[in-house]
């Protein structure tokens with residue numbers, strides 16, 4: 766299966782009538798493996814900051830998580846594994862695997878828990894597959 770198929774078929778899937786707004790799979794080096802058509806243009810320093818927070822949990826909390834210039838307030842996650850951010854009625858979930866980060870961006874009417882489930886389930890599957 767191509768990386769784009771993981772984005773199209775798994776991350777952008779419908780769940781209880783809702784979809785993620787945007788999603789991507791990005792290598793730890795910042796290389797985009799696959800992304801949805803409307804995923805924001807991320808800056809290398811934004812990906813570096815996310816990877817740094819996985820390595821040293823808590824580094825993003827003071828400054829916020831930035832994606833494509835949009836700032837998300839960092840909320841509870843799982844140290845070294847999942848970062849969650851909130852902005853207004855929407856937010857972001859980032860799951861780290863051995864080789865990549867899975868990013869899901871959502872907005873109302875999708876609930877935060879639905880985004881978490883979609884992103885983290887794919888991340889857990891990829892971890893199990895050695896990615």
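In the working numbering, the protein residues as written are 766 to 896. Ideal Cβ placement from N, Cα and C applies to all residues, glycine included.
C-beta contact flag for residue i and residue j at 8 Å
i: residue 801; j: residue 787; result: yes
i: residue 847; j: residue 859; result: yes
i: residue 879; j: residue 780; result: yes
i: residue 793; j: residue 865; result: yes
i: residue 833; j: residue 805; result: yes
i: residue 841; j: residue 799; result: no
8 Å Cβ shell around residue i - same chain, five flanking residues per side excluded
i: residue 873; result: 854 and 855
i: residue 813; result: 795
i: residue 784; result: 777, 778 and 875
For residue i, the three-state DSSP class (helix, strand or coil)
i: residue 841; result: strand
i: residue 782; result: coil
i: residue 831; result: strand
i: residue 799; result: strand
i: residue 853; result: coil
i: residue 862; result: coil
i: residue 814; result: helix
i: residue 847; result: strand
i: residue 823; result: coil
i: residue 895; result: coil
i: residue 770; result: helix
Proximal residues to residue i (C-beta, below 6 Å), its chain only, five neighbours per side dropped
i: residue 867; result: 790, 860, 884, 887 and 888
i: residue 892; result: 862
i: residue 830; result: 837, 839 and 850
Contacting residues, own chain, Cβ-Cβ under 7 Å from residue i (five flanking each side not counted)
i: residue 797; result: 789 and 791
i: residue 775; result: 887
i: residue 896; result: 862, 863, 864 and 865
i: residue 826; result: 839
Beta-carbon separation (whole angstroms), residue i vs residue j, contact threshold 8 Å
i: residue 835; j: residue 808; result: Between residue 808 and residue 835 the Cβ distance is about 11 Å, and since that is not below 8 Å, they are no contact.
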